[in-house]
Structure formats: C-alpha cells, structure tokens
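Engineer: In full-length UniProt numbering, the protein residues as written are 1 to 208.
Next up, the structure:
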C-alpha cells in the first residue's frame, strides 16, 4: 500500500506540473542570451514538458561560466516556480539570480548593480528536472525574466538543458474558474474535485 501511495503521489505531482506548465505562454522567438557559445541555443532550452529530460539540445556558456537568459512571456503571468535541468559535474551552475519585468535583457554590468527579485542556490549532482519555488507575491504580474546563472562547479563553463515555469496566466485563470463554476453547477464533478484536493492535502500533511 505504501508503494502504491508513493506512486500515486508522484503521478499527481507530475500531472499537476504539466497542467500548470507555462510553456505555451513563453515568447520563444524572443528568448535570447548573453555569453552563449552558440547564441541561437537560448531558444532550445524552452521545451514542452514531455521533452524536459531530453539532452539532445542544450546551451553552453562562452568565455566563462556566466550565462544571462532573457525569457519574455506573451502576456502577464503569475509564477509559482522555475523548473531546471542543468549540466552535471563541473558544468553545473550553482547560483541563479532572477530579475523580473525588465523590457530588455539585464546585461552583466546591470546584474552587478541591480538587486534581483530572487537569489537561488542551485542543487548539484541532480540528473532530472528540479523545481525551485518562488515567493508568489513577488511574481504575480510578470511579463519577462532575466536569469543570471553563474558559479559553475568547475568554474570554466556552465551548461543548461531545460528551463520551464509553473504558474498561470490571468486570462487562463479566469477562464478555468468560469468553466469550473459551470461544471460544478451542471454536473456531479465538484465533489470529485473536492475529494482529490482533500486527498492531496492529506498526503502532504499527514504521515501514516
């Protein structure tokens, strides 16, 4: 039973991430970066959720281990977390600074004199996609992010395989709320949703 519960919990987490994935709201054509070995590779980091573990495409830093990526969105979004798959070993960046709502990319000079909205210490030795949560209050109306990766383990080069975001768009949030209200009023789906929510909450808060 314990194994089954773990499997179900994991599946729920993956499904939830897929539903809340903001891939469709990223302005992929205008994603670009600074200090990339191949500048066009910035766009290759924005992948659909089902390709998150692919290592076929990636971006490497150029002259040192620092990379800045500019990720614009097609409309205002509320961000809950960033999802990252990074290089392993010496190519793993260990520090990420996030700057929100700059109309153009934050360059390296700006980054040294501007306070980021968030400083993250990145995990080392991870092979899969890792989710780093945001303080949602600071990321409620976001049009673009500049991501400054640095301090690779080896100090010479950083590699990134995948960047994604979890959250919702304001228009999508309103539409979902409207549909849920109609569905709850006309069908018996609402109790099922309530039960699933309660079960998920129980898994997080109760140890059995």
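Idealized CB from N, CA, C, for every residue including glycine.
Alpha carbon to alpha carbon, what distance is there between residue 166 and residue 126?
Structural biologist: Locating residue 126 in the chain shown gives position 126, where the first residue counts as 1. Locating residue 166 in the chain shown gives position 166, where the first residue counts as 1. Distance between the alpha carbons of residue 126 and residue 166: 19 Å.
Engineer: Which residues bound the beta strand (DSSP E) around residue 137?
Structural biologist: Counting from one through the chain shown, the residue named residue 137 turns up at place 137. Note, residue 137: premise wrong, no beta strand (DSSP E); not H, not E.
Engineer: Pull up the DSSP beta-bridge partners for residue 63, would you.
Structural biologist: On the chain shown, residue 63 is found 63 positions in, with the first residue counted as 1. For residue 63, which the question treats as bridged, DSSP gives no partner whatsoever.
Engineer: Among 132, 88 and 53, whose alpha-carbon lies nearest the alpha-carbon of residue 82?
Structural biologist: As a working note, residue 82 is residue 82 in the chain shown. Nearest of 132, 88 and 53 to residue 82, Cα basis: 132.
Engineer: Rounded to whole angstroms, what is the Cα-Cα separation between residue 163 and residue 74?
Structural biologist: As a first step, residue 163 must be located in the chain shown, where it is residue number 163. As a first step, residue 74 must be located in the chain shown, where it is residue number 74. C-alpha separation (whole angstroms): 16 Å.
Engineer: Taking all protein chains shown into account, do 16 or more other C-beta atoms lie within 10 angstroms of the C-beta of residue 123, making it buried, or fewer, making it exposed?
Structural biologist: Walking along the chain shown from the start, residue 123 turns up at place 123. Result: exposed.
Engineer: Quick one: what's got a C-beta closer than 7 Å to residue 101's C-beta in the same chain, skipping five residues either side?
Structural biologist: Here residue 101 refers to the residue found at position 101 of the chain shown. The residues are 142, 143 and 144.
Engineer: Give the C-beta separation of residue 157 and residue 54 to the nearest angstrom, bearing in mind that I take them to be a contact with Cβ-Cβ under 8 Å.
Structural biologist: As a position in the chain shown, residue 157 is number 157, starting the count at 1. As a position in the chain shown, residue 54 is number 54, starting the count at 1. With a Cβ gap of about 20 Å, residue 157 and residue 54 do not count as contacting.
Engineer: Use the C-beta contact count for residue 104: other C-beta atoms within 10 angstroms, 16 or more gives buried, fewer gives exposed.
Structural biologist: Against the chain shown, residue 104 aligns to sequence position 104. Burial call: exposed.
Engineer: Suppose the cutoff is 6 Å on Cβ atoms and the five residues either side in sequence are ignored; what does the same chain contact list for residue 48 look like?
Structural biologist: Position 48 of the chain shown, counting from 1, holds the residue named residue 48. Closer than 6 Å at the Cβ level, and outside the excluded window around residue 48, lie 23.
Engineer: Cutting at 6 Å between CB atoms, please list the residues of its own chain near residue 20, excluding the five before and the five after it.
Structural biologist: Counting from one through the chain shown, the residue named residue 20 turns up at place 20. For residue 20, where only same-chain residues beyond five positions count, the Cβ hits under 6 Å are 166.
Engineer: Do you know whose CA, among 147, 108, 87 and 140, lies nearest residue 58's CA?
Structural biologist: Your numbering for residue 58 matches position 58 in the chain shown. The shortest C-alpha separation from residue 58 is found at 87.
Engineer: Could you spell out the range, first to last residue, of the alpha helix (DSSP H) harbouring residue 169?
Structural biologist: The count along the chain shown starts at 1 and reaches residue 169 at position 169. Unbroken run through residue 169 is the beta strand (DSSP E), 159–169; no alpha helix (DSSP H).
Engineer: What is the rounded straight-line gap between the Cα of residue 140 and the Cα of residue 72?
Structural biologist: Numbered from its first residue, the chain shown carries residue 140 at position 140. Numbered from its first residue, the chain shown carries residue 72 at position 72. Cα-Cα distance, rounded: 15 Å.
Engineer: Can you give me the start and stop residues for the alpha helix (DSSP H) that residue 109 sits inside?
Structural biologist: As a first step, residue 109 is located in the chain shown; it is residue number 109 there, counting from the start. Looking at the DSSP string, the run of the alpha helix (DSSP H) that includes residue 109 is 108–113.
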